[in-house]
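Structure first, then comments.
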Ligand SMILES: [Zn+2]
Ligand SMILES: [Zn+2]
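Numbering (the working numbering), first residue to last: 507 to 595.
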């Protein structure tokens, strides 16, 4: 279950709503304005800290899943900043 995080356009209070309420209009608990909940589509302000939702491997430039830490193509570990390919040969 994921939640949509968004801000009230009127008072900038940070709000969250269940994903299945996207498109519904709710009343802001802070300022009572009617706000429509944005769609959780990729590219909107979803929880990722950097504004960059494009996650490509810095080593081989292959597209990685948004939360992936290890590149499945070359074994590059983004946290460690190096390839951790286990060489079994
Ligand atoms: Zn508000
Ligand atoms: Zn890679």
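Beta carbons are placed, not taken as given, at the ideal position from N, Cα and C, and that holds for glycine.
{"query": "Span of the beta strand (DSSP E) holding residue 542?", "result": "540-542"}
{"query": "Would you call the region 507-515 in contact with the region 529-547, where contact means no fewer than 3 C-beta pairs closer than 8 Å?", "result": "yes"}
{"query": "If you count every other CB in all the chains shown that lies within 10 Å of the CB of residue 563, and 16 or more means buried, which is it?", "result": "buried"}
{"query": "From the DSSP output, which residues share a beta bridge with residue 562?", "result": "569"}
{"query": "If you follow the beta strand (DSSP E) that residue 510 is in, where does it begin and where does it stop?", "result": "509-513"}
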